[in-house]
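First the structure, in the form of C-alpha cells, and then the observations on it.
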C-alpha cells in the first residue's frame with residue numbers, strides 16, 4: 001500500500017511540474033549568445049508566475065476587451081503526462097527511500113533540459129549547473145537519512161568520472177559532443193553512481209547506445225540530414241533513467 005501511495009504522489013507531482021514546463025521550454029530555446037525569449041511569437045511581452053517563467057505557453061493580448069489566449073510552443077498536457085510517467089516509474093523502482101526525493105524532485109528539470117536540447121541543440125548552464133549541484137546535495141542529504149540504499153561517495157566519484165569521460169569525447173570531437181553534454185554528464189554521473197559502478201556503467205553505456213542507434217537511423221532513413229547534428233542530451237537522460245531504474249529495482 002505504501003508503494004502505491006508513493007507512486008501516486010510522485011505521478012501527481014509530475015503532472016503539476018509538467019504543466020509548468022511549456023513556458024520555460026519556450027523561453028530557454030534560443031541560440032547561444034541570444035537573450036532568453038521575452039515575448040511570444042506574436043510579440044506580446046511574457047508575464048505571469050515568477051516573471052513569466054512558469055506555466056502553459058499561452059498569453060493574452062492587451063486589447064480591450066481582452067482577446068482569447070493564444071497558444072505557442074509546447075502543449076502542457078503531453079508534457080504533464082510525460083513528466084508524470086517519468087516520476088511514477090522512478091517511484092516504482094526506488095520505492096519509499098530517501099533518495100527518491102532527489103530523483104523525482106529533479107526529474108522535471110531533466111525533462112526541461114531534453115526539451116531545450118531538442119529544440120536548439122543547446123543545454124543551458126542555467127539548468128545544467130544547478131542540476132549538478134542539486135542532485136549532489138539531495139543525495140548527500142539522503143545518505144544521512146535512515147533507509148537509503150546508495151553511497152554518496154560513489155555518487156560524487158560517478159559524477160566526476162562521467163564528466164571526465166564526456167570531456168574527453170568533447171576534446172576528441174567538439175562538433176559531435178558539445179560542452180553542454182559534458183556539464184549534463186556531471187549530474188547524470190552522480191545520479192548513476194549512487195547505486196554503484198555497475199549501474200553507472202549501464203546508464204553511461206545505454207546513453208551512448210541510444211544516441212548511436214538514433215544516429216544510425218538518421219544515416220539510413222534520412223540521408224539528407226546525415227551532415228546535421230542532433231541533440232544528444234535526451235539520449236543521455238534516457239540512458240541515465242534506465243540505469244537508475246535498474247539500480248532502484250536491484251536495491
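Residue numbers (our numbering): 1 to 251. The C-beta atom is built at its ideal place from N, Cα and C for all residues, glycine as well.
Secondary structure of residue 58, DSSP reduced to three states: Shown here, residue 58 sits in a strand according to DSSP, grouped into three states.
Opening and closing residue of the alpha helix (DSSP H) in which residue 23 lies: First-last of the alpha helix (DSSP H) with residue 23: 22 to 28.
Inter-stretch contact (C-beta, 8 Å, three-pair minimum) for the region 68 to 81 and the region 127 to 134: With a cut-off of 8 Å, the region 127 to 134 and the region 68 to 81 do not count as touching, because too few Cβ pairs lie within range.
Beta carbon of residue 203 nearer than 9 Å to that of residue 232: No, the Cβ-Cβ distance between residue 203 and residue 232 is not below 9 Å.
Closest by C-alpha distance to residue 121, when choosing among 171, 176, 193 and 207: Checking every option, the nearest Cα to that of residue 121 belongs to 176.
Contacting residues, own chain, Cβ-Cβ under 6 Å from residue 96 (five flanking each side not counted): Around residue 96, the same chain offers 2 and 6 as residues with beta carbons nearer than 6 Å, after the five sequence neighbours per side are excluded.
Span of the alpha helix (DSSP H), counted from its first residue to its last, around residue 197: Element bounds for residue 197: 197 to 221.
CA-to-CA distance, residue 9 to residue 17, given in whole angstroms: Within the model, the alpha-carbon separation for residue 17 versus residue 9 is close to 12 Å.
Anticipated Cβ contact below 8 Å, residue 71 with residue 26, distance rounded: The Cβ separation is near 10 Å, so there is no contact.
Under the three-state DSSP convention, the category residue 170 falls into: Here residue 170 sits in helix by DSSP.
The region 27 to 47 contacting the region 90 to 107, beta-carbon criterion three pairs below 8 Å: Look at the beta carbons and you see the region 27 to 47 not touching the region 90 to 107: under three pairs across the two are nearer than 8 Å.
Residue 196 vs residue 148 beta-carbon contact at 9 Å: Not in contact: residue 196 and residue 148 (Cβ atoms no closer than 9 Å).
Whether residue 207 touches residue 238 by CB criterion (9 Å): With contacts defined by Cβ atoms closer than 9 Å, residue 207 and residue 238 form a contacting pair.
Classification of residue 125 by the beta-carbon crowding that lies within 10 angstroms, buried from 16 upward: By the 10 Å Cβ count, residue 125 comes out exposed.
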